[in-house]
Amino acid sequence: MRYKRVTTLEDAAAAVRELGLRTIVVDVEPLVAHWESGNAEIESGVARVRAAFDADVVVVFATNSLRGCISYEGYIAKARKPFALSRYRGLPLPGGVLGDQVATDGLLARRLGFVFLHYSPPLDRIPLGPRLMRGLGKPLRPLLFRS
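191 is the number that my numbering gives to position 84 of the sequence shown; each next residue is one higher, with no gaps.
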């Protein structure tokens, strides 16, 4: 399985266990913290998300945004998803990417040979950029991840 839709953090954690994933790369917005939040929200979100996964799962947090003054060793700001792959090499396999954007997170998963856990909760406040990326991802999903 290369694609699985999840709507909650609990769904994602269950999928990681079910699929036997040893690494999960987590997109920061919106699962960890909303796009418009500050570092305090990111810090608490990282702790909350990290706690949801089993202790033996390597959790890496990656965001394409510039924000990232937090103290978690596995946090990557300006991640340049889906282009920069070297920072993910050497992570324990099998792996997955948990994110909301097919065009960035999904393509990163595909390029790494990881499972894409497509985080798709109902959201009401999505900034314009992520909303446009979401629209771009709709036609990409069937091309990248066939059922």
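Here a beta-carbon is modelled for each residue, glycine too, at the ideal position from N, C-alpha and C. Quick caveat: nothing in here was measured; it's all calculated off a predicted structure.
With contacts defined as CB atoms closer than 8 angstroms, Ile149 and Val167 fail to qualify as a contacting pair. The segment 186-205 makes contact with the segment 116-132: 3 or more CB pairs, one atom from each, lie closer than 8 angstroms. For Val222, the enclosing beta strand (DSSP E) stretches over residues Val222 to Tyr226.
Per DSSP, reduced to three states, the secondary structure at Gly127 is coil, with no helix or strand assignment. In the three-state reduction of the DSSP assignment, Leu205 falls in the strand class, which pools E and B. Listed in chain order, the non-local C-beta contacts of Phe223 below 6 angstroms within the same chain comprise Tyr110, Val204, Gly213 and Ala216, local neighbours out to five positions each way being set aside. Contact between Leu138 and Val156 holds: CB atoms are separated by about 7 angstroms, below the 8 angstroms threshold. For Pro246, the closest of Asp231, Thr170 and Ala210 by C-alpha to C-alpha distance is Ala210.
DSSP places Val153 in the uninterrupted alpha helix (DSSP H) bounded by Asn146 to Ala159. Listed in chain order, the non-local C-beta contacts of Leu243 below 7 angstroms within the same chain comprise Ala210, local neighbours out to five positions each way being set aside.
With a beta-carbon spacing of about 6 angstroms, Arg218 and Leu192 fall inside the 8 angstroms limit used to define contacts. Per the coordinates, the alpha-carbon of Gly145 lies some 15 angstroms from the alpha-carbon of Tyr179.
Residue range Leu235 to Leu251 is occupied by the alpha helix (DSSP H) that includes Arg248, with no beta strand (DSSP E) assigned at that position. Gly206 is the residue among Gly181, Asn171 and Gly206 whose C-alpha sits nearest the C-alpha of Leu116.
Within the same chain, and ignoring the five residues on either side of Trp142 in sequence, the residues whose Cβ sits closer than 6 angstroms to its Cβ are Glu136 and Pro234.
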